[in-house]
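Reading through the structure tokens given below for one structure.
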DNA sequence: TCTGGGGTCCTAGGACCC
DNA sequence: TCTGGGGTCCTAGGACCC
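In our numbering, the protein residues as written are 301 to 740.
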């Protein structure tokens, strides 16, 4: 029987690395990528981290570093990052028999039985660097939790010389180390670096005198379950080398779909909120069509800004059940707007709204047709065709080409709810109008 | 002035049932 | 005085992930 072996491959400072592909001047400089609305930093180059910029740092608090330290800030360009991600994932997939794309910048691979996994992983990351120009790191180990940990070591060994042995930089394979060597690494690694240990549990562990990965590994799993949870117990077992989390290379359809946004500026009026909610609900329906599901309940929420506690606060959500499970954009938008009407209160500065589709189920559970008459069935089919046409046009010509009337027709500058993105780079790889131009 | 967005899993407790 | 017990389902909230 072959021993289990997993790899975790991920992009270094991924969004920043994507931006650097098309603007080499960004190399060696502190760079951050900002969230929607240019609100806070969601990716940082090593140089930006060295300036002390934390993940999630609000832009207005760090923007003085633009002048003082040459910090470059860019608005998130998700169209670009998604496309670069696809390219990396297809190259990475060749390393293992099976691949689980875990997030936009990382994937797990099943390497069980692969001879010379370390050398193969080095070759793969070299190819990704040459072909796509994005640096990556690979962690290899018998469980996914350990592969994550190995990946952390590979990154730190490269980024912070002296933290770990230099030979573990970029690719770290724990399976080829001795137990003593592994323990030495675990003893140098804070428990908070473990996949599954967040700020809350990390603090509790520290208070209990468990500071390092080695401390955690040496706890009795049964005690961990009793004192913390089955989740942490599973983590401990994984750290001890027993696989408890399998590779998920065929992710199930999502159980819920959300589209939520903070507004570019405060919004007070119902009409404007209706525009936003129509847009969010349409996008959510589009995602729903993408996984061929139906929803049976639509949640809509609006809220003021929690960061302005002195201003009047209001936050409410409501769930509007659909008569029958559906993927009809018109029906979903209608439900969201009906909910909005019921929760809206005048006199507040709204900062955020969102639409979530709940109770998703496969569209093929066509049970509802049995309960409908012939006319209704025909109507359903016409609606489905209309939805497909709507999606197709928007996929082909760009989101927002065809919208519902309630989404509003006023131009962008007049819409306070649309997000600010003042520093977005061109969508070099996905938009003909924004190709990189080279002049002699 | 200015603070993201989208998910999953687990647990505790209440409602309900027999 | 004294007020069963066990099972299931649902929901809200907490914790985690990137």
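Glycine included, C-beta positions come from ideal geometry on N, C-alpha and C.
- Within 10 angstroms of the beta-carbon of residue 586 lie 16 or more other beta-carbons, which makes it buried.
- Under the DSSP assignment, residue 424 falls in the alpha helix (DSSP H) whose first and last residues are 417-432.
- Within the model, the alpha-carbon separation for residue 363 versus residue 371 is close to 8 Å.
- Along the region 528-577, the beta strand (DSSP E) occurs as fully enclosed runs of 3 or more residues at 557-567, listed in sequence order.
- Judged by DSSP secondary structure, residue 318 falls outside any beta strand (DSSP E) and instead within the alpha helix (DSSP H) spanning 314-322.
- In the structure shown, residue 363 adopts coil according to DSSP, grouped into three states.
- Under the 10 Å beta carbon count, residue 565 is surrounded by fewer than 16 other beta carbons and is classified as exposed.
- Counted as a single uninterrupted DSSP element, the stretch harbouring residue 619 is not any alpha helix (DSSP H) but the beta strand (DSSP E) occupying residues 615-626.
- The beta carbon of residue 531 sits closer than 8 Å to those of 496, all from its chain and outside the five residues before and after it, given in chain order.
- By the CB criterion at 7 Å, residue 418 and residue 471 fall inside the cutoff.
- Counting the other CB atoms within 10 Å of its CB gives residue 452 a total of 16 or more, which places it among the buried residues.
- In the three-state reduction of the DSSP assignment, residue 601 falls in the strand class.
- Cβ neighbours of residue 427 within its own chain (closer than 7 Å, five residues either side excluded): 391.
- Distances from the alpha-carbon of residue 563 to those of 619, 445, 715, 617 put 715 closest.
- Cβ-Cβ separation between residue 617 and residue 637: approximately 14 Å, too far for a contact (criterion under 8 Å).
- Look at residue 342 here: in three-state DSSP terms it is strand.
- With respect to the 7 Å criterion, residue 482 and residue 474 are classified as neighbours on the basis of their beta carbons.
- Secondary structure at residue 378: helix, using DSSP grouped into helix, strand and coil.
- Residue 623 and residue 702 have their alpha carbons spaced roughly 26 Å apart.
- Residue 339 and residue 420 have their C-alpha atoms spaced approximately 40 Å apart.
- Residue 382 and residue 680 have their C-alpha atoms spaced approximately 33 Å apart.
- Nearest C-alpha to residue 731 among 348, 379, 553, 343: 379.
- Each residue's CA atom was taken as its position, placing residue 661 and residue 593 some 5 Å apart.
- A straight-line Cα-Cα distance of about 37 Å links residue 656 and residue 330.
- Per the DSSP secondary-structure output, residue 440 pairs in a beta bridge with 307, 473.
- Residue 439 and residue 410 have their C-alpha atoms some 12 Å from each other.
- Excluding the 5 residues flanking it on each side, residue 603 has same chain C-beta neighbours closer than 6 Å at 615, 652, in chain order.
- CA-CA distance, residue 611 to residue 644, rounds to 17 Å.
- Counted as a single uninterrupted DSSP element, the alpha helix (DSSP H) harbouring residue 479 occupies residues 479-487.
- Shown here, residue 335 sits in coil according to DSSP, grouped into three states, outside any helix or strand.
- If you draw a straight line from the Cα of residue 589 to the Cα of residue 627, it comes to about 7 Å.
- Residue 594 sits in a strand when the DSSP states are folded into three classes.
- In this structure, residue 635 sits away from residue 619, with a CB-CB distance that is not shorter than 7 Å.
- Less than 7 Å divides the Cβ of residue 442 from the Cβ of residue 304.
- Residue 347 and residue 327 have their C-alpha atoms roughly 9 Å apart.
- With a 10 Å radius around the Cβ and a threshold of 16 neighbouring Cβ atoms, residue 567 comes out buried.
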